[in-house]
Structure formats: structure tokens, C-alpha cells
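These notes concern the structure reproduced below.
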Amino acid sequence: MGEDEITFLTKGRFLMQAKKYGNALECFDKAIKLNPKYAEAYNEKGNALLILGKIDEAINCFTKATKINEKYITAWKGKEVALLMQNKQDEAIRCCDTITGIDPENEEAWVTKGFLLSDIHRFDEALKCFDKAVEINPESIDAYNKKAEVLLALGRFDEGEKCRQKIEEIKREVRVKKMKKLMKKICLVGDPAVGKTSLVRRYVYDMFDDKYLYTIGAKITKKVIDISYPTHDVNFTLMIWDIEGQKGIGKVHSTYYRGADATIIVCDVTMKETLENIPNWKDAVFKVTGEIPLVFLANKIDLPNKVFNEKEIKAVASEFKAPYLFTSAKTGENVENAFITVSKLLLE
Ligand code: G3D
Ligand code: MG
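Letter 293 of the sequence shown, counting from 1, is numbered 313 in my numbering, and no numbers are missing.
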């Protein structure tokens, strides 16, 4: 059974990806032979020829494609690029005109046209194109960038500077829009008097959002933090659950743990049994929540009478593959860090 034109086109595209342009051309020719009205095949042939530096032939192919399908924007763009490679700005601009005629909302075409016009010093017309692009997309950084360049070239520094400011503003807004918002429940556990409540109090200065859940015996404190990554920000609303009063492990309501996204287990460096109890606290939480991210805190590091050292806490932490930190609710050491560590774990 013979292969049809679509198969040849597909094959050709794969060969293009594999950088086998000569073989790709053969496929496109075969596709065209089977279907002389195959606009896509002409367009792809044009692309291959463009890469091979056969610009005139490429232009012919793109032209052919646009004759078969007058509204074939991709082919018009290909032709525009090919014309530019021959320094035929005027003709390239006419391609842009055609594209904006087919699709008046084509922001990219307006920016390109403006750029081409500025290249041949038709600055006023260029500025109008950039304004049109901004009208279509008020966040077009590309349009503002090019507009700023033209304005600066014209010596209109104030207006150029305004464009630059606008770009910074857009970038900031885009970052805010891209910001992921997450709400997470974090439950604090650990023996009585290890410093859980003090840690929350130290971390969350603003206690107005506190809520007491008398039936469960828990207090919930809300804290909002933004964590910045190179490409985006994450906005966390941490709902920090703290055990009310001085309750030991068996006395905590299972609702306290339910739905927790992460847990912070606290021990006190001046009380040995608080470290020994860590695995029990972990089991109590995981029994309800399943495995969730956890962070160990060895609190009261400011006190002199320590009864265990880093090695011992490290041993427990590595057993559960969890990070650990030495903290002091009194001095504030590592307190913020502890909550940031938990938040980052929540993203992994
Ligand atoms: P809990 O919520 O885990 O039960 P709390 O613990 O926060 O109520 O703290 C118990 C006691 O330890 C409190 O003392 C508190 O001030 C103290 N404490 C908590 N964290 C630290 C710390 O990092 N360093 C020192 N030095 N003390 C801490 P009181 O005397 O009020 O009971
Ligand atoms: Mg407490």
C-alpha cells in the first residue's frame, strides 16, 4: 500500500527535527506530488529551504502556500522572514499588513511591523504599531521594549523612560499573577512544656487571627508568607495548629491531626524524655495523616543545661529522613527558618 501525503508531511517534519533537511525536502516534494494543493507541505518545504539558505526558492514555496490558502498566517510569517533575509523590508512589511488584515488582533505581527518600520526610520508609523500592540495586549513587554528603543532613538527620553517603568510594572504584576496561593495545615506536636506555644508566639507576632477550638483543645494561628523562587513566588497561608494546655501524647484529639499537610515535632534540649518521645509523636500523627513532611525542632538551645547533643537529634532525624533545626523561642534563633523549611518541604 502506498503512503499518502499526510504520512510524507509527518515524516518530513520528523526529519526536520533530526536536522536531515535534504531528506525532509524529498518527503515534502512527494507530499506535494500526491497533492499539488497541499499548502502545509509547501510551507514546510519553505522552512527547509530557508534553513538550507535557498531563500529565493523558499519565498516561492511560501508564496505558493499563501496562494493555496490566503489566510495561512504561518506561511505569511515564513515569507516575511525570508524577505528579511534578503533585506526586503518593504515587502516584509506588506506580509505583516496581510497578517494583521487576516487577524487584526495579532499582537506579534503589529510588534514585528513596528520593528521593521523603525528599522527603515519610519518612526512615527512604528510607534503607532507598538501602540496598537499594547491596545491588544496591555502587558506586551515586547511592544513596550521596542517602543522605548524608538523613543530613545528619537531623543524623547522622558517617554522612553516611562515605557521602561511600565515594563518593570508589568513584570511585577506578572509575578504576582503567577504567584501560587496555597493554604496548608501544619500541626505542632511534642511533649508538654517543650516550647510549642512559645515558638508560634515568637513566629506570629500578630495574634489576632487566633482561634480556640475548645472541643478539640487546639488553637489555630494563621500566618501568611511569600516564598520567592527564581521564576515565581508562592504565597502560603499557614494554619498553625497548637495543642492547648499541657497535654501528653495520649490526650490529643485525632481531629487535631486530621488533614495536616505537615508536622513540626518539637523537643526540649534540657529534657531527655522529650527526645525519646519523638517517634511516638510521629506515629500518632502519621496514624491519622499518613506520611506527611515533617521537621524536627530541638528547642531552648539558649539554655546551658543541655542533656543531649546534635548527634542524637541527627540520628532521629535521619531515621525519618527529616530536616532538623536547633531553635530558641526565647532568642528567636531559627524560628522563622523552621516555618520556611516546612513550607519548602510542602512544595517538593
Ligand atoms: P508548650 O506549648 O510546648 O507546652 P510553652 O510550651 O511554649 O508553653 O513553653 C513552656 C515553658 O518553656 C515556658 O516557660 C516558656 O517560656 C519556656 N520556653 C519555651 N521556649 C523556650 C526557649 O526557647 N528558651 C527558653 N529559655 N525557654 C523557653 P514558663 O516559665 O512560662 O512555663
Ligand atoms: Mg502550649
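Positions of the beta carbon are idealized from the N, C-alpha and C atoms, including for glycine.
Distance between residue j and residue i (C-alpha atoms, nearest Å)
| i | j | result |
| --- | --- | --- |
| Val327 | Phe256 | 35 Å |
| Thr309 | Asp211 | 19 Å |
| Met227 | Lys197 | Here Met227 scores only 47 on pLDDT, less than 50, and its place in the model should not be relied on; the value that follows carries that caveat. Going from the Cα of Met227 to the Cα of Lys197 covers about 28 Å. |
| Glu311 | Glu128 | 48 Å |
| Phe34 | Lys204 | 45 Å |
| Leu258 | Arg221 | 14 Å |
| Ala168 | Val154 | 13 Å |
| Leu29 | Gly121 | 28 Å |
| Lys302 | Ala213 | 18 Å |
| Ala146 | Glu23 | 48 Å |
| Val224 | Val362 | 15 Å |
| Ser160 | Val194 | 11 Å |
| Asn157 | Val289 | 58 Å |
| Asp322 | Lys307 | 33 Å |
| Glu60 | Ala85 | 7 Å |
| Gly270 | Gly215 | 19 Å |
Cβ shell of residue i (< 7 Å), same chain only, five flanking positions each side left out
| i | result |
| --- | --- |
| Tyr58 | Glu25, Ala51, Ile52 |
| Thr94 | Asn63 |
| Lys292 | Val327, Phe328 |
| Gln106 | Ile75 |
| Asn357 | Leu345 |
Residues that residue i bridges to, as DSSP identifies them
| i | result |
| --- | --- |
| Ile247 | Val254 |
| Leu314 | Thr283 |
| Phe346 | Ala318 |
| Ile260 | Ile206, Thr241 |
| Lys99 | DSSP output for Lys99 lists no bridge partner at all. |
| Lys200 | Val254 |
| Asp211 | None, per the DSSP bridge assignment. |
| Asp162 | According to DSSP, Asp162 bridges with nothing at all. |
| Asp288 | Asn319 |
Any non-hydrogen atom of the ligand MG within 7 Å of residue i CB
| i | result |
| --- | --- |
| Ile263 | yes |
| Thr251 | no |
| Thr217 | yes |
Spatial neighbours of residue i in its chain, beta-carbon cut-off 6 Å, leaving aside the 5 residues before and after
| i | result |
| --- | --- |
| Leu202 | Phe256 |
| Lys91 | Ile122 |
| Ala1 | The question about residue 1 has no answer, for the chain in this structure spans 21 to 368. |
| Glu111 | Leu103 |
| Lys341 | none |
Near the ligand G3D: residue i beta-carbon under 7 Å from a heavy atom
| i | result |
| --- | --- |
| Ala304 | no |
| Gly210 | yes |
| Asn319 | yes |
| Leu345 | no |
| Lys350 | yes |
| Leu295 | no |
8 Å CB neighbourhood of residue i in its chain, flanking five on each side removed
| i | result |
| --- | --- |
| Lys337 | Inspection of the sequence shows that residue 337 is occupied by Ala rather than by Lys. Closer than 8 Å at the Cβ level, and outside the excluded window around Ala337, lie Phe316, Pro343, Tyr344. |
| Arg192 | none |
| Leu366 | Leu202, Lys204, Phe256, Asp281, Ala282, Pro313 |
Within 8 Å, do at least three Cβ pairs link the stretch 273-288 to the stretch 313-330?
yes
Answer yes if the stretch 35-46 comes into contact with the stretch 64-73, meaning at least three C-beta pairs across the two stretches below 8 Å, and no otherwise.
yes
How about the stretch 183-193 and the stretch 234-252: do they share at least three Cβ pairs that are nearer than 8 Å?
no
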